[in-house]
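When you number the sequence shown by the numbering used here, it's gap-free, plus one each residue, and the end is 490.
Quick reminder that beta carbons are idealized off the backbone N, C-alpha and C, glycines included.
Only a predicted model underlies this, so the values are computations on that prediction, with no experimental measurement involved.
Below: the structure, in structure tokens.
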Amino acid sequence: MLEEDSSLLRNAHNYSDDVASMNFAETGVYQESLLNQVTGFHVTQNFCIDIMHDLFEGVCHYDLCNIIKYYIVTAKLFSLETLNNRKMNFNYGPIEIGNISPPIKMIHLEKKHLKMSAREVMTFVHFFPLMVGNLIPENDEVWNLFLLLIQIIDILLSYTFTDSAISHLKQLISHHNSMYITLFNDTLKPKHHFMIHYPTIITNSGPPRHYWCFRYEGKHKELKMYARSTTSRKNITLTLAKKMQFKFAHSLMVLPDKKIIVNDKHKIQSNYTENINNKLNLTVLQYACYTELMLNGIVYKKDYFLTKNCDKICLFKICEIVLINKPDSNVYVMANEIKLNRFNSHFESFSVDYNEEVVNRNCISNVDEFSGPPINISKISSGQKMIQKSFINC
97 MLEEDSSLLR NAHNYSDDVA SMNFAETGVY QESLLNQVTG FHVTQNFCID IMHDLFEGVC
157 HYDLCNIIKY YIVTAKLFSL ETLNNRKMNF NYGPIEIGNI SPPIKMIHLE KKHLKMSARE
217 VMTFVHFFPL MVGNLIPEND EVWNLFLLLI QIIDILLSYT FTDSAISHLK QLISHHNSMY
277 ITLFNDTLKP KHHFMIHYPT IITNSGPPRH YWCFRYEGKH KELKMYARST TSRKNITLTL
337 AKKMQFKFAH SLMVLPDKKI IVNDKHKIQS NYTENINNKL NLTVLQYACY TELMLNGIVY
397 KKDYFLTKNC DKICLFKICE IVLINKPDSN VYVMANEIKL NRFNSHFESF SVDYNEEVVN
457 RNCISNVDEF SGPPINISKI SSGQKMIQKS FINC
């Protein structure tokens, strides 16, 4: 099945019938979910997915292993050694440098499971076209399958969705699954099938990145730190539960505020004082300028790149970060707009002017006006500078 059939979806009525039949082999329902005892909740009416496990620990592994093995063994366009060398020497940039995965081995491809964390897979799959794209001929069918996967991921990582985007996602998933079966003579795995229901779930529950497991699993680190530091070994789970309760209570009692972290060593005398004073209607006593600043866990730094996606996609290079003094504590960015060239569909990326030609100087904007957090610009083997479409959409 390549598309969702709404007539086959579970509802509260047929779910109750399946529970009553007590035929797990035929219905897939063992007993009624305890969650149905929660007021206003029913498992057939509350939708949730996790693209961390479905995609970055599932579909991406199946697709990438088949694709890489095809190019190495069947098409012989490059060797595993070449891929690992390019992967190791690739310029990931300062933002993704912490998500580099270990070398790929043939046994990983045979087992269809790369030895990477979900976050490392996310980084690898986005940079893969820039690593080996110049070795792949145009309109290669297997490469087109990979580009479909990239397009699906790009849409799923969006912060907002339109009806047209959801409709387009449905078509991409159907086409992707069909090509996977045809090209690799392989069956679809359960996580491929889960994607078929994504458009319906997104329509009901919103962007998947707001309820994926990355942030929940990120909490593991915090709990492990507590577990290592506590001297109690009698009932460590109770100790951890109490710590989390205290922290949660504190977050409810303290009014939410922008979390801004600055370091005096990054504070500078602005080179754009007149521009800032005029455009923001401020005096020099009302703000401070920095080369680096952290806002809500996101680092903004001089020479990092930001994008805006209005009538067209615009690329900006940070010159200074402006922090307006309390009570507002707003953060602005002084940046130069950089020339962005055409979109290259073979790499699913935009080409950036090699010399980073400035088309608009001294642009000042609130950080909330940009499309997302700072992004990477990568240089491929030909020397060309590229920026992934996925980073612009985020």
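Span of the alpha helix (DSSP H) holding residue i?
i: N371; result: 369 to 376
i: I163; result: 156 to 165
i: T296; result: 294 to 301
i: L205; result: 202 to 207
i: P190; result: 189 to 192
Reducing DSSP to helix, strand and coil, say where residue i ends up.
i: I476; result: coil
i: M340; result: helix
i: M390; result: strand
i: S328; result: coil
i: C490; result: Low local confidence applies: a pLDDT of 47 at C490 is under 50, so the model's placement there is unreliable, and no value is given.
i: M97; result: coil
i: T178; result: helix
i: I333; result: Here the sequence assigns Thr to residue 333, which means Ile is not the residue at that position. Helix, per DSSP.
i: L347; result: The displayed chain sequence assigns Ser, not Leu, to residue 347. It is helical.
i: P304; result: helix
i: L210; result: coil
i: H316; result: helix
i: T379; result: coil
i: G186; result: Here residue 186 is Phe; the residue named in the question, Gly, does not match the sequence. Note: F186 maps to coil in three-state DSSP.
i: F220; result: helix
i: F443; result: coil
i: F310; result: helix
Can you give the beta carbon distance from residue i to residue j, rounded, assuming they're within the 8 Å contact cut?
i: S447; j: K485; result: Not quite, the Cβ-Cβ distance comes to about 11 Å (not below 8 Å), so this is no contact.
i: L176; j: M218; result: So it is not a contact: roughly 22 Å between Cβ atoms.
i: I200; j: L179; result: 7 Å
i: V427; j: L391; result: 5 Å
i: K503; j: Y158; result: Any property of residue 503 remains undetermined from this structure, which presents the chain solely from 97 to 490.
i: I476; j: N230; result: 7 Å
i: Y188; j: F223; result: 7 Å
i: I414; j: V429; result: 6 Å
i: L378; j: F466; result: Incorrect: roughly 21 Å between the Cβ atoms, too far for contact.
i: K363; j: Y383; result: K363 to Y383, Cβ: 11 Å. No contact.
i: M97; j: I292; result: 7 Å
How far does the beta strand (DSSP E) with residue i in it reach, from first residue to last?
i: I461; result: First, the amino acid is wrong: residue 461 is Ser here, not Ile. Unbroken beta strand (DSSP E) run through S461: 454 to 462.
i: E433; result: 427 to 434
i: M482; result: 481 to 484
Look up residue i in the DSSP assignment and give the residues it is bridged to.
i: A384; result: L419
i: T403; result: L411
i: N437; result: Note: N437 sits in no beta bridge, so no partner.
i: K363; result: Y386
i: Y396; result: L389
i: V448; result: L436, K481
i: I503; result: The first residue shown for the chain is 97 and the last is 490, placing residue 503 beyond what the model contains.
i: I471; result: F401
Against chain B, with Cβ distances strictly below 7 Å, would residue i count as a contact?
i: I164; result: Looking at the structure shown, chain B is missing, and only one protein chain is on hand.
Legend entry - Residue ranges of each beta strand (DSSP E) within the region 222 to 292, 3 or longer: With a minimum length of 3 residues, no continuous beta strand (DSSP E) run stays inside the region 222 to 292.
Legend entry - Every unbroken alpha helix (DSSP H) within the region 100 to 176, with a cutoff of 4 residues, ordered by chain: The alpha helix (DSSP H) runs lying completely inside the region 100 to 176 and spanning 4 residues or more are 108 to 117, 120 to 123, 156 to 165, given in chain order.
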